[in-house]
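Residue numbers for the sequence shown follow the numbering used here, so the first one is 1 and each next one is one higher. Read through the structure below, which is laid out as structure tokens, and then see the notes.
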Amino acid sequence: MGLPLRRQLQTAALLLIGAALSHTLPSHAKAPPIASVEVTTKVSRKNVDVPGIFRSEVLRQLRHIDIERSGQEDLVLSASLLRLDTQRTGSRAQSSCLVSATLQKKNGALVAVLRGRARAEDDINAASDNEMAALRAAVRSTLRGIPQALR
């Protein structure tokens, strides 16, 4: 005898859901050409893990960049947080950030040099939020050059 009707319906529903999801989830078959990410910074803040935040932001932004292999071998991305400054003037705080990155082949051959900067301004009480906004924007500005560099 076959499966009970309820079990057959459950199996059919699971198969339909699986089929639908297989067409909507991103394919992991194409791995991006960036094999490893290195981050460095001399910027520090009391009670703030700036290197950790910087690394997390670099990795987060990389996930949002459409990078195709286009014949590239695995690459190493080295990103540096060069500057993160805040100037306070009256009741305003203006933060600026400078990020530099290089793309290299595993054998050390340089593929690209990327640079990005950003500024954020807000109320003086939001100075730390300003810095994080400037950092996020500078990382985004730097990494958005990767697809062009790989063409």
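All residues carry an ideal CB built from backbone N, CA and C; glycine is no exception.
Give the DSSP-derived three-state secondary structure of residue i in the structure shown.
{"i": "L114", "result": "strand"}
{"i": "S36", "result": "strand"}
{"i": "R144", "result": "coil"}
{"i": "R151", "result": "coil"}
{"i": "R66", "result": "Per the sequence shown, the amino acid found at residue 66 is Asp instead of Arg. It is coil, neither helix nor strand."}
Give a yes or no on whether the C-beta atoms belonging to residue i and residue j are separated by under 8 Å.
{"i": "A134", "j": "A118", "result": "yes"}
{"i": "A109", "j": "A79", "result": "no"}
{"i": "S84", "j": "C97", "result": "Here residue 84 is Leu; the residue named in the question, Ser, does not match the sequence. Yes, Cβ-Cβ distance for L84 and C97 is below 8 Å."}
{"i": "V113", "j": "A138", "result": "no"}
{"i": "V37", "j": "V50", "result": "no"}
{"i": "I67", "j": "L150", "result": "yes"}
{"i": "Q39", "j": "R60", "result": "Residue identity differs from the one stated: residue 39 is Val in this sequence, not Gln. No, Cβ-Cβ distance for V39 and R60 is not below 8 Å."}
{"i": "S95", "j": "T89", "result": "no"}
{"i": "V34", "j": "L143", "result": "According to the sequence as given, residue 34 is Ile; it is not Val. No, they are not a contact pair."}
Comparing C-alpha positions only, which one of the options sits nearest to residue i?
{"i": "A127", "options": "S91, G116, A149, K105", "result": "S91"}
{"i": "M74", "options": "L62, K106, N47", "result": "Note that residue 74 is Asp in the sequence shown, not Met. Among L62, K106, N47, the Cα nearest to that of D74 belongs to K106."}
{"i": "G116", "options": "R45, R136, D129, N125", "result": "R136"}
{"i": "V43", "options": "N125, R63, E131", "result": "E131"}
{"i": "L103", "options": "D122, D123, Q148", "result": "Q148"}
With DSSP as the reference, identify every bridge partner of residue i, one or two as the case may be.
{"i": "E73", "result": "DSSP, once it has assigned bridges, lists no residue as partnering E73."}
{"i": "K105", "result": "L75"}
{"i": "S95", "result": "T86, A120"}
{"i": "V48", "result": "R45"}
{"i": "L81", "result": "T41, V99"}
Just to confirm my understanding: we take residue i, look at its own chain, exclude 5 residues before and 5 after, and list those with CB closer than 8 Å. What are they?
{"i": "P26", "result": "Only weak support exists for where P26 lies, its pLDDT of 45 falling under 50; the coordinates are left without a value."}
Excluding five sequence neighbours on each side, which residues of the same chain lie with their C-beta closer than 7 Å to the C-beta of residue i?
{"i": "S22", "result": "Low per-residue confidence applies at S22: pLDDT is 39, beneath 50, and the placement is therefore not dependable, though the value from the model is reported in the following sentence. Hits under 7 Å: none found."}
{"i": "V111", "result": "L75, L103, Q104, K105, A149"}
{"i": "N47", "result": "none"}
Going along the chain, which residues of its own chain have a beta-carbon closer than 6 Å to the beta-carbon of residue i, five neighbours each way excluded?
{"i": "A82", "result": "According to the sequence shown, residue 82 is Leu rather than Ala. Counting only Cβ-Cβ distances below 6 Å, and skipping sequence neighbours, we find L98, S100."}
{"i": "G145", "result": "L114"}
{"i": "R140", "result": "Q61"}
{"i": "A120", "result": "S95, N130, A133, A134"}
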